[in-house]
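In this note's numbering, the protein residues as written are 16 to 347.
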């Protein structure tokens, strides 16, 4: 008597198993420090987690309980780190600091909108990565210097930055070739990028002290999509060392484009203990990419603070930029 052969698993079941395995690998990768392609995968991991939850539901309906469980757990591992609670109900103290950062997308952002946001939000500190000379001229023509007269930076290519403050600021740490209290054109070779003190490629970052002693760092860290890809990891580790080196009683505000977020273990490490805003977005706060109909899926723009607490915060839409800006009202 011949025995009936077992039916091979249906194609849909095989796809569920493969999907569960892929999500499990993505979950493991989201917990490992690294750079380059791994950092890019980690940025997209929460989005994969959402797709994984949908896959888990389908697997459950098909009674494929093991793939459903594996997929659900893996999805939670990728999503939970980026979930944040809304701002606490922080009463406005006697001191407030309004901080706005907008990535200008190599001068493509709308200068009139930036000035309008400065006015509407009564901004005290403005951080503008990817500054170009032409864009700086447009901003000054729209009256930035009348609103925030104390400026330091470099303009010329996408690696430039300007930080502008309402009150006088003392420069603490500037990239080579930059002068405190001035915005200068970048005279380095066309098509190149700025260099740090060790001669490595770097975006400009500026550190100033406000009159009350708050140290403000304008942040623009290397992108994991740019060569050399190892520079992203180096830059993130340098940020961790910089924060650790600051006196424990020093009030800190770090604002700008970190090219990293809570889906990256290295960011979670140096951001621990700092107030991270904006937060509380649904399903999580997102600031990049902003390309036409594609909605942002990752938050890489932040205001990190110590000695201050965010009492209000929002993402800010500025036409022309590939990022959403970030605004926070800090209170102490």
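Don't be surprised by glycine CBs; every beta carbon is placed ideally from N, CA and C. Quick caveat, the model's predicted, so the values are computed rather than measured.
Checklist entry - Which partner residues does residue 317 have in the DSSP bridge list? => result 271
Next on the checklist: Let me make sure I understand the geometry here. Which of 35, 34, 51, 293 has the alpha-carbon closest to that of residue 250?
Outcome noted: Of 35, 34, 51, 293, the residue nearest in Cα terms is 51.
Checklist entry - Are three or more beta carbon pairs between the stretch 31-38 and the stretch 248-267 nearer than 8 Å? => result no
Item to check | Contacts around residue 16, its chain only, beta-carbon distance under 8 Å, and the 5 residues preceding and following it disregarded | outcome: Confidence at residue 16 is low in this model, with a pLDDT of 49, below 50, so the placement of that residue should be treated as unreliable; the coordinate-derived value is given next. For residue 16, where only same-chain residues beyond five positions count, there are no Cβ hits under 8 Å.
Checklist entry - With a CB to CB cut of under 8 Å and the five nearest residues on each side skipped, what residues in its chain are close to residue 127? => result 157
Checklist entry - Apart from the five residues just before and just after residue 54, which ones in its own chain have a Cβ nearer than 7 Å to its Cβ? => result Around residue 54: 239, 247, 279.
Checklist entry - Since residue 200 sits in a beta bridge, which residues does DSSP pair it with? => result 170
Checklist entry - In angstroms, rounded to a whole number, what distance separates the CA positions of residue 300 and residue 339? => result 10 Å
Checklist entry - What separation, rounded to the nearest whole angstrom, lies between the Cα atoms of residue 176 and residue 69? => result Their backbone Cα atoms lie some 42 Å apart in a straight line.
Checklist entry - On the premise that residue 124 lies in contact with residue 333, defined as a C-beta separation below 8 Å, what is that separation, rounded to the nearest angstrom? => result 5 Å
Next on the checklist: According to DSSP, simplified to helix, strand and coil, what is residue 245?
Outcome noted: helix
Checklist entry - What is the DSSP secondary structure of residue 213, counted as helix, strand or coil? => result Assignment of residue 213 by DSSP, reduced to helix, strand and coil, places it in the coil class.
Checklist entry - Would you call the stretch 157-168 and the stretch 133-145 in contact, with 3 or more CB pairs under 8 Å? => result yes
Checklist entry - Is the beta carbon of residue 111 sitting closer than 9 Å to the one on residue 344? => result yes
Checklist entry - Is it right to say residue 234 is buried, meaning 16 or more other beta carbons lie within 10 angstroms of its own, or is it exposed? => result buried
Checklist entry - Going straight from the alpha carbon of residue 225 to that of residue 271, what length do you get? => result 17 Å
Item to check | Through-space distance from residue 197 to residue 38, alpha-carbon basis | outcome: If I take the Cα positions, the gap works out to 50 Å.
Item to check | Selected residue, minimal CA-CA separation from residue 321, among 283, 293, 229 | outcome: 229
Item to check | Straight-line Cα distance separating residue 86 from residue 155 | outcome: 52 Å
Item to check | Test item: CB-CB of residue 362 and residue 318 under 9 Å | outcome: Not covered by the structure: residue 362. The range shown for the chain is 16 to 347.
Checklist entry - Taking DSSP as the reference, what is the three-state secondary structure of residue 144? => result If DSSP states are grouped into helix, strand and coil, residue 144 belongs with the strands.
Next on the checklist: Give the list of continuous alpha helix (DSSP H) stretches no shorter than 4 residues that lie fully inside the stretch 95-158.
Outcome noted: 126-135, 148-156
Checklist entry - When the Cα atoms are used, what is the spatial distance from residue 42 to residue 94? => result 9 Å
Checklist entry - From the DSSP output, which residues share a beta bridge with residue 67? => result DSSP output for residue 67 lists no bridge partner at all.
Checklist entry - In the DSSP assignment, what are the bridge partners of residue 252? => result Paired residues: none, contrary to the question.
Checklist entry - DSSP state of residue 16, grouped into three classes? => result With a pLDDT of only 49 at residue 16, under the threshold of 50, the placement of this residue in the model should not be trusted; the figure read from the coordinates follows. Residue 16: coil per DSSP, three-state reduction.
Checklist entry - Should residue 290 and residue 323 be called a contact, given that it needs their Cβ atoms to be closer than 9 Å? => result yes
Checklist entry - When DSSP labels each residue in this structure, what does residue 283 get in the three-state scheme? => result helix
Next on the checklist: Rounded to whole angstroms, what is the Cα-Cα separation between residue 22 and residue 80?
Outcome noted: Here residue 22 scores only 48 on pLDDT, less than 50, and its place in the model should not be relied on; the value that follows carries that caveat. If I take the Cα positions, the gap works out to 19 Å.
Item to check | Cβ-Cβ separation, residue 304 to residue 337 (assumed contact under 8 Å), whole Å | outcome: 6 Å
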